[in-house]
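Numbering (this note's numbering), first residue to last: -4 to 287. Every residue gets a Cβ at the ideal spot worked out from N, C-alpha and C, and that includes glycine. Remarks on the structure that follows.
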Amino acid sequence: MREKPRIKELQILLQKMVDIANDSSTYEKLAAYIEKNYMSILFMTAGELAAEANVSQGSVSRFCSALGYRGYNDFLRNLQKFVSEEITAPQRLQYISGSNNNKKIRNILEMEHKNIDDLEAIINQPPYNELVHKLVEAEKVVLLSARMSATMLPYTCYILNKIRSNVVQITPHDPAWDTLSLENPEKTLVFGIVFPRYPNTLIVKFQELKERGFTIAAITDSMISPVSKMADPIIYVPITISSIFDIYSTPMILLNLLLRDVAKRIGGLQDRLDALEKLESKNNIYYQKFDD
């Protein structure tokens, strides 16, 4: 059976650690500890890893630099990509229980800051502009996702439906899930939101739609995501998994920027928004405070 890409990537990383472990006994300690405990390291600070491996915190930083990373948090962000499919919620809870919460929170926030900093480069890549174009030009847009990734669908659908017509969101429990393949592939853009742990039912659906000739676009977390082989364009946006549940703040910001740029290219948008505003006012949609 062919080895999964994520396993290969992890093995390459572990081999790099073994190679540089020959440089010092300190690196050897770190490499040995990480190889045996890489899942729990996702939830450790640099200081905690140093204490567990019986080395200094400075040694941890130098070890990560020797591996080619900008520091410990950069190392963690890349390690997450390789093991995010495997780790379960009970395991996460076990790893974070009894930890130093203040240090954990700081670690998570630092990784989130770095993820957000990466967005500027992401939105200046050709796949981003191609996705904007397709979301503007497609006759119909189907937003597709499942399980935790699907929590971002209502936000995306609400805004996209405000700025253009013919937008629907579909998840596995919807009746439209089973009939989606009956849509016209030439007039329908399928836009997937796919983050770990990748639901089998979603990946199978993408494969089915791809075989029927649908154009599939997606945002996901890594090039080793199973949707990478099926979607074009595809945007890779990092997430943080060092908590009980994945943190989606960076994908949410990306979606907001994406929809903003789609709105800029929609013809007649001002008239559409004015009409919606009048309709909402007529139906008393929003609370208003009236003076006595």
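- Leu197 counts as buried, since at least 16 other C-beta atoms from the protein chains shown sit within 10 angstroms of its C-beta.
- Taking a contact to require three or more Cβ pairs closer than 8 Å, the segment 116 to 126 and the segment 163 to 180 do not qualify as touching.
- Your pair Glu125 and Pro228 checks out as a contact, with CB atoms roughly 4 Å apart and the cut at 8 Å.
- Of all C-beta pairs linking the segment 148 to 158 to the segment 198 to 214, fewer than three are shorter than 8 Å, placing the two stretches out of contact.
- A contact is defined here as three or more CB-CB pairs under 8 Å, and the segment 171 to 179 fails this definition with respect to the segment 214 to 221.
- Taken in chain order, the unbroken stretches of alpha helix (DSSP H) that lie wholly in the segment 117 to 204 and span 4 residues or more are 121 to 132, 148 to 158 and 171 to 174.
- Excluding its 5 nearest sequence neighbours in each direction, Phe209 has C-beta neighbours in its own chain below 7 Å: Pro180, Thr183 and Val185, listed in chain order.
- Relative to Met12, the option among Leu274, Ser60, Ala46 and Tyr231 whose CA is nearest is Ser60.
- The continuous alpha helix (DSSP H) containing Tyr33 extends over residues Ser20 to Ile36.
- Cβ-Cβ separation between Ile188 and Ser244: approximately 14 Å, too far for a contact (criterion under 8 Å).
- Per DSSP, the beta bridge partners of Ala212 are Phe186.
- Lys109 is the residue among Ala46, Glu47 and Lys109 whose C-alpha sits nearest the C-alpha of Phe70.
- The bridge partners DSSP lists for Thr235 are Ile242.
- Between Val127 and Leu253, the C-beta spacing is below 9 Å.
- The shortest CA-to-CA distance from Trp172 to any of Val137, Thr146 and Leu274 is the one to Val137.
- In the structure shown, Ile230 adopts extended strand secondary structure according to DSSP, grouped into three states.
- A direct Cα-Cα distance of roughly 13 Å separates Glu30 from Glu47.
- Going by DSSP, Gly42 is part of the alpha helix (DSSP H) stretching over Ala41 to Ala48.
- Rounded to whole angstroms, the separation of the alpha carbons of Leu62 and Ile15 is 8 Å.
- For the options Asn279, Tyr33 and Leu250, the alpha carbon positioned closest to that of Ile214 is the one of Leu250.
- Counting only residues of its own chain and dropping the five nearest sequence neighbours on each side, Ile111 has a CB closer than 8 Å to the CB of Ser244, Thr245 and Ile248.
- Cβ contact annotation for Pro149 (same chain, cutoff 8 Å, sequence separation greater than five): Gln164, in chain order.
- For the pair Ala41 and Tyr67, the CB atoms are nearer than the 9 Å cut-off.
- Taking Arg255 as reference, the option from Pro233, Leu130 and Met225 with the minimal CA-CA separation is Leu130.
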